[in-house]
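Positions 7 to 393 (the working numbering) are the ones given, in order, by the sequence shown.
From the three backbone atoms N, C-alpha and C, an ideal C-beta is built for every residue, glycine too.
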Amino acid sequence: MALLLPTAGAPATARAAEPAKGLSAAASPGAGDAGAQILETSVLAAPRPVPASDDRTHLVYEVQLRNVSAGPVNLDRVEVQEPDGTGPVAVYDSRAIERVMLDPKARTFSRTLAPGKSASLLLDVTVAAGARVPARLVHRFDVSGAADRTLRGAATKVDRRAPLNLSPPLRGDGFAVYGCCRPPFVHRLAVMDLNGGTFAAQRYAIDFVQTTDGVHSYAGDQARNESYFIFGEGVRAVADGKVLAVRDGVAANTPQKLPANRAPENLTGNFVIQDLGGGAYALYAHMQKDSLRVRPGDRLTRGQELGLAGNSGNSTEAHLHFHVVDSPGVPLGVAGDSVPYTFDRFRIRNRITGLDSEPEAPVRADAPPAPDRTGRYPLTGDVVDFP
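Here it is, written out as structure tokens:
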């Protein structure tokens, strides 16, 4: 279901992301190490703390790596540290690295970088709710292959701005969340290279599908859009703000089949882009043909119905794709860097496990104790009720 953008043929309106301030441009040898440079490192965008439904605060970001040596480089261990800290904030061993080190073009994972090749480490560092969040981070890399060495790099500040607190874009019960932040990656694979820069527009994007038993999203004929519980559900504005762009008139797909035309300009299907203010823009995508009730220039109020959930664009079954970015990227809403957000309230009905197995084997799991959440981001596998 995921809205994933190819790295080639990107829309001409997309802009390159500006590098975050204070980031390291190269990994340097650790104390006592010497030799030729092996890795160039940087952080794509400074992480912003996001309180999530697991009652932990998440720092979600990407470390960009490039092998500048003459031989292959293996990442054996990555430590996330505070510059003046006494111990690591997080540790990724070789098995964990194999699940988070992404070749953005091939969308494959490996902990080995060939000479001249680049990769993105898709990191999710968490601290307990209410615990102190680091102000800055630096990374230690234990590498082998071209040389056995310990390197330090990819220093970044932590952006202390609070996430946006929004109303949910749907109303009702049993919405399964496919979004952020750990494997299985749904949208974080869409790290894009554009105009000489790199950004992640969909870091916090969520695909919502509706369930009745906490797992299954349809009943009856799998090839009919009307069999899917979310098909025709009202999509609502998450905040006050002006409509910047819409598209209506894209025909629905046959479920479980991708459309033949997957050019970048067609990936969002029928959509609404809304200016939330403060440099944040919401995208509501894959909506039903001829269902949109708003037009560019309309002033929306929180909770106002925009149209109906559908199965248009780069979609294999009816769902709502929602994300927020720091640039409107008109006409498609996919250019710019992802902006974190929370929903003002929801209840966790149950959770789905087994999504990261091969093959995927979803299983219904009980909701956590005290399932009501306020001002939290729902994580992949949550099944939530929106009042």
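**Request:** Identify whether Arg253 lies in helix, strand or coil by the three-state DSSP scheme.
**Result:** strand
**Prompt:** From Val249 to Ala207, what distance separates their C-alpha atoms?
**Reply:** 19 Å
**Message:** Classify Leu264: buried if its beta carbon has 16 or more other beta carbons within 10 angstroms, exposed otherwise.
**Reply:** exposed
**Prompt:** Taking the alpha helix (DSSP H) that Ser100 falls in, what are its first and last residues?
**Reply:** Ser100 to Val106
**Message:** What does DSSP give as the partner residue(s) for His193 in the beta ladder?
**Reply:** Paired residues: none, contrary to the question.
**Sequence-distant residues of the same chain with beta carbon closer than 6 Å to Ala376, five excluded per side** = none
**Asked** Does the stretch 227-235 come close enough to the stretch 311-326 to have 3 or more Cβ pairs within less than 8 Å?
**Response** yes
**Prompt:** If you count every other CB in all the chains shown that lies within 10 Å of the CB of Asp39, and 16 or more means buried, which is it?
**Reply:** Summary for Asp39: the model assigns pLDDT 46, below 50, so the residue's position carries little reliability, and this model does not support an answer.
**Asked** Tell me which same chain residues have a C-beta within less than 7 Å of the C-beta of Pro140, skipping the five on either side of it?
**Response** Glu88, Val95 and Val164
**Request:** Starting from Gln70, follow the beta strand (DSSP E) in both directions and report where the run begins and ends.
**Result:** Arg62 to Asn73
**Request:** Please look up how many angstroms separate the CB atoms of Gly313 and Gln294, rounded, as I've assumed it's under 8 Å.
**Result:** 7 Å
**Prompt:** By the 10 Å Cβ neighbour count, where 16 or more other Cβ atoms means buried, how is Gln216 classified, buried or exposed?
**Reply:** buried
**Prompt:** Would Thr380 be called buried (16 or more neighbouring beta carbons within 10 Å of its own) or exposed?
**Reply:** exposed
**Item:** Endpoints, the beta strand (DSSP E) within which Tyr290 is located
**Value:** Ala286 to Met293
**Message:** Buried or exposed for Pro384, going by 16 or more other Cβ atoms inside 10 Å?
**Reply:** buried
**Asked** Any idea which residues DSSP pairs Leu4 with across the strands?
**Response** In the structure as shown, the chain begins at 7 and stops at 393. Residue 4 is therefore absent and cannot be evaluated.
**Selected residue, minimal CA-CA separation from Ala245, among Tyr290, Ala225 and Arg253** = Tyr290
**Asked** Do the stretch 153-168 and the stretch 100-117 meet, that is, are 3 or more Cβ pairs less than 8 Å apart?
**Response** no
**Asked** Taking C-alpha atoms, which residue in Leu143, Ser75 and Asp130 lies nearest to Lys123?
**Response** Ser75
**Asked** Got a sec: is the Cβ-Cβ distance from Leu129 to anything in chain C below 9 Å?
**Response** Checking the listed chains, one finds no chain C in this structure; it contains a single protein chain.
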